[in-house]
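Have a look at the structure below before the remarks.
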Amino acid sequence: MLANANLDDEILAWIIKTSNIKNEIQPLPENIWRPRVMIVNTLEDRELFHEHLGSMTIFNIGTVRWVPVSLFPTTCQLDLTYYPFDQQTCYLQLVSIPHNAEELQFTVRFPRAKILDYMIHGEWDLKKTEVQTKLVYVGTTTRSLIEVTIVMKRRPTCFIFNILLPVVLLSFLNIFVFVIPAESGEKISYGLTMLLALSVYLSTVSGMIPRSSLTLPNVIIYLFLLLFLSLITVISSIIVVLLHNKKEKEEKQQGVTKTSSAPWGKVNYVRLAITSGPNTGNAPPIQYPEVKAALNKEHKVIQEPNINKYKMCTALLSYHFVEPQGKQ
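Under the numbering used here, the first residue of the sequence shown is numbered 449, with each subsequent residue one higher.
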């Protein structure tokens, strides 16, 4: 901060009677009285201009021009509700603590602060500056205060292309998890990939935002909602895959039950035909017309009236392994 202050001190005035007398002098700053200026909103050394006193010029009319230089940090309350499209207003408050308003009165020559050698910042754009004086009450005394107002607006281009647009595209891709068929095996992995990507972007944005904000930014709420919806999507995908696998398993079990239970009624007829005759090596001719008709109807391989045990086993094997293939 570079200040250009004029101090009126009648004691330092002189009268010019001849041309040999100068109308201005430049003494050492240590030998001239100057006010102790302090900054109100800072967390470090509050006194300003005590290390770099700057230059002083005294004019014959009693005016002292003081140009001090100081570099100091200051605090500013941030409202990041509309981050990264926010606009911040910061204040610099300068006051002289040892002197009250009757002893020292600040006046402002220009309503705006002059920006000298201003360099364009990549993140902030300086919109407006304003300088005004106020009277503040400190205890029972009134003191003069200089307040410098600085209005800055954030440049959102970098944040939009690096964070916001990728998040919007990811949220759009997250919908297509329901298009992937359940039997492909990529349904759950696709949803988990989207969930992890949103988690990374949420942590990145949280690291970029100052932690001294009084309000929660809307972009954080938006990312959290997207993360929650992505979590719901993953859970829904898991449920869909489980139901699909359960239905497929039940269909396979029903198919096995049908193919295994159908021959047993026919085998009972065969057992009846075998056990009806004497216990000899060759089975006698079948004497039951209904059994013969059933066997000839269901088993096309049985053409002879006389069936022995060997031929009966061959018929059974042919039924289990040949006949189902023929029906397909």
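By construction, the Cβ of each residue, glycine as well, lies at the ideal position given by its N, Cα and C atoms.
Among all the DSSP beta bridges, which residues are the ones paired with residue i?
i, result
"Phe507", "Glu472"
"Arg591", "Val584"
"Ile487", "Leu542"
"Leu519", "For Leu519, which the question treats as bridged, DSSP gives no partner whatsoever."
"Arg513", "Asn454, Thr505"
"Thr537", "Val599"
"Trp481", "For Trp481, which the question treats as bridged, DSSP gives no partner whatsoever."
With DSSP as the reference, label residue i as helix, strand or coil.
i, result
"Ile598", "strand"
"Leu389", "Since the displayed the chain opens at 449 and closes at 776, residue 389 lies outside it and no answer follows."
"Thr577", "strand"
"Thr466", "coil"
"Thr529", "coil"
Taking the alpha-carbon positions, what's the residue i to residue j distance?
i, j, result
"Ile469", "Pro475", "16 Å"
"Tyr566", "Leu491", "25 Å"
"Tyr638", "Thr577", "51 Å"
"Ser518", "Ile594", "16 Å"
"Asn693", "Ile686", "11 Å"
"Val625", "Leu675", "15 Å"
"Ala451", "Leu613", "44 Å"
"His569", "Met656", "17 Å"
"Phe607", "Ile628", "32 Å"
"Ser647", "Phe609", "18 Å"
"Pro615", "Leu671", "Checking the displayed sequence, the identity of residue 615 turns out to be Val instead of Pro. Each residue's alpha carbon lies about 8 Å from the other."
"Val512", "Leu662", "43 Å"
"Asn479", "Ser503", "12 Å"
"Gly633", "Thr522", "57 Å"
"Ile509", "Ala461", "5 Å"
"Ala630", "Asp573", "51 Å"
"Ser651", "Ile636", "23 Å"
"Leu542", "Leu617", "48 Å"
When you compare the CB of residue i with every CB in chain B, is at least one pair closer than 9 Å?
i, result
"Leu528", "Reference to chain B is not applicable here, since this structure consists of a single protein chain."
**Request:** Starting from the N-terminal side, write out each stretch of the alpha helix (DSSP H) that is 4 residues or longer and does not extend beyond the region 625–707.
**Result:** For the region 625–707, the full-length alpha helix (DSSP H) segments reaching 4 residues or more read 635–656 along the chain.
**Message:** When you compare the region 526–536 with the region 595–614, are there three or more beta-carbon pairs, one atom per stretch, that lie closer than 8 Å?
**Reply:** Contact check between the region 526–536 and the region 595–614: three or more CB pairs, one atom from each, fall below 8 Å, which counts as touching.
**Asked** Curious, which full-length beta strand (DSSP E) runs of at least 3 residues does the region 542–567 contain?
**Response** Within the region 542–567, no complete beta strand (DSSP E) run reaches 3 residues.
**Asked** Do three or more CB pairs link the region 521–535 to the region 545–557 at distances below 8 Å?
**Response** Contact between the region 521–535 and the region 545–557 is not established, with fewer than three Cβ pairs separated by less than 8 Å.
**Request:** Report yes or no: do three or more beta-carbon pairs, one from the region 674–688 and one from the region 634–651, lie closer than 8 Å?
**Result:** The answer is yes - the region 634–651 touches the region 674–688, with three or more Cβ pairs under 8 Å.
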